[in-house]
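Only one structure is covered here, and it is reproduced in the block below.
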Amino acid sequence: MVSVVEAFDYVVGVDTHARTHTYCLIQTRTGAVIDSAQFPASKPGNERAISWIQRRGNNSSILAAVEGTASYGAGITASLRRASIEVAEVRPGPKREHAHAGKSDTIDAESAARRVLGINVESLAQPRASGDRATLRVLLAARSLIDQQRTANRNALTALLRSFELGIDVRRPAKDEQISVIAKWRISQDPGIGPLRREAKRLAKTVLEQTYLLEKNHEELARLTEQLAPGLQEIQGVGPVTGAILITGLTLN
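Using our numbering, read the sequence shown as starting at 16 and increasing by one per residue.
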C-alpha cells in the first residue's frame, strides 16, 4: 500500500465555512507548514485559492483534505477537482481540541491536513456523491416556481374579490382563513354571480394546494439538509431553505 506521504509532495487542509475557507499547506516529507491563507467561499475566491495552492505547492503533486465536501466545501471540492487536484474528505476534529485554546480556522485547516498524513491512499475517504445536492437544487427551483405561482394566484383572487361584491372584505390582501372559506363555497346557480364565485373558488383551492406543496417541499429540504450537513439548521437564522442554499452554493457563486 502507498501512503499519502509517499504519493503526494504536499497536503492542503481546508477548513470550510459559509463565507470563507481557510487553507493550510503542509509538506508531507517533513510535516512543515509551508503557508496558510483565507479566501472567500465564492467562485472567484475558489479560483484564487486554487492559484495560491498551485503556486505555493510549486505545481507538485498535492492532496486536498477538505472538511464538509457535501456542504460548505461543495464548491471548493468541485473547483479542486476541475484543477486536477485530488480531494479527500475529512471530518471536523472533536470539539475538545479547542476546549482550552479557542477555535482557530488556521489550526483547523492544519489539523485537517495532518489527519491524512498517516493514511494509505486507498483508505482516503472520497467526497460523497452529489446526488442529494442535485436533488436540493431541484427542490429549491421547484419551491421558487411554486411560490411565484401561489403569489400570482393569491393576487388574482384578491383582485377578483375587490372588483366584485362577493361577500368577502379584502381591503387588505386575502388572508389564509378567508381563502379557506372561499375554497369551500357552494357555487350559486345565479348566472350573474355563479361564474365569479366559481373562479374565486378555483383560485382559492389552487392557493391552498400550492401552500401544501410548499410545506412538503420545506419538509424534504429539512430532511436532506440535515442528512448532508448535520447540525447546520441549528445555527441561528439557518432553516431548511437557507441551509439548502448554502449546501448547493447557489448564493455563493
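Yeah, the Cβ is synthetic: ideal placement off N, Cα and C, and Gly gets one too.
Quick one: residues in its chain with C-beta nearer than 8 Å to the C-beta of A47, no 5 flanking neighbours on either side, listed in chain order?
Counting only Cβ-Cβ distances below 8 Å, and skipping sequence neighbours, we find I41.
Does DSSP put H4 in a helix, in a strand, or in coil?
There is simply no residue 4 to check, as the chain begins at 16 and stops at 268 in what is shown.
Quick check on this structure: which residue in I208, T35, I194 has the alpha carbon closest to the alpha carbon of L181?
Considering only alpha carbons, the answer is I208.
According to DSSP, residues forming a beta bridge with P55
When beta bridges are read from the DSSP output, P55 appears opposite T35.
For the region 45 to 60 against the region 75 to 94, are there 3 or more C-beta pairs whose distance is under 8 Å?
Because the criterion of three Cβ pairs below 8 Å is met, the region 45 to 60 and the region 75 to 94 touch.
Scan the region 116 to 176 and note each continuous alpha helix (DSSP H) run of 4 residues or more that stays entirely inside, going in chain order.
Counting whole runs of 4 or more residues, the region 116 to 176 contains the alpha helix (DSSP H) stretches 120 to 129.
Cα separation between V131 and V102?
One C-alpha to the other measures close to 11 Å.
Classify E180 as helix, strand or coil using the three-state DSSP reduction.
Coil at E180, not helix or strand.
What's the gap between the Cα of I134 and the Cα of S18?
If I take the Cα positions, the gap works out to 6 Å.
Just to confirm my understanding: we take R213, look at its own chain, exclude 5 residues before and 5 after, and list those with CB closer than 8 Å. What are they?
Around R213: I202.
Residue range of the alpha helix (DSSP H) that I260 falls in?
Per DSSP, I260 belongs to the alpha helix (DSSP H) from 255 to 263.
Would you mind giving the Cβ-Cβ distance between L147 and L236, rounded to the nearest angstrom? I have them listed as a contact below 8 Å.
Looking at the sequence shown, residue 147 is not Leu but Asp. The distance from the Cβ of D147 to that of L236 is about 11 Å, inconsistent with a contact at the 8 Å cut-off.
For I100, which of helix, strand or coil comes out of DSSP?
In the structure shown, I100 sits in coil (DSSP, three-state: anything other than H, G, I, E or B).
Kindly identify the DSSP beta-bridge partner or partners of S18.
Per DSSP, N135.
With H, G and I counted as helix, E and B as strand and the rest as coil, what does DSSP make of Y15?
Nothing in the structure corresponds to residue 15, since the chain is present only between 16 and 268.
Same chain, Cβ closer than 7 Å to E137, five either side skipped, listed in chain order:
Annotation for E137: M16 place their beta carbon closer than 7 Å to its own, counting only its chain and skipping 5 residues before and after.
What is the DSSP secondary structure of Q69, reduced to helix, strand or coil?
Helix, per DSSP.
Count the other CB atoms, across all protein chains shown, that sit within 10 Å of the CB of N61; report buried if there are 16 or more and exposed otherwise.
Per the 10 Å Cβ criterion, buried.
Output yes or no for whether 9 Å exceeds the beta carbon distance between T37 and D162.
No, the pair does not count as a contact, with Cβ atoms beyond the cut-off.
Go to E82, then tell me how far its beta strand (DSSP E) extends in each direction, as first and last residue.
Residues 77 to 82.
Would you say L226 and D191 are within 9 Å of each other, going by their C-beta atoms?
A small correction: the amino acid at residue 226 is Thr; Leu does not occupy that position in the sequence shown. Yes.
Can you list, in chain order, the residues of its chain with a C-beta nearer than 6 Å to that of R158? Leave out the 5 residues immediately preceding and following it.
Result list for R158: N232, in chain order.
Leaving out the 5 sequence neighbours to the left and right, which residues in its chain are closer than 8 Å to V256 when beta-carbon positions are compared?
Excluding positions up to five away in sequence, the list reads L155, R158, H233, L236.
Once the 5 residues before and after I65 are set aside, which same chain residues still bring their CB inside 8 Å of it?
Same-chain partners within the cutoff: S94, L95, A98, I100.
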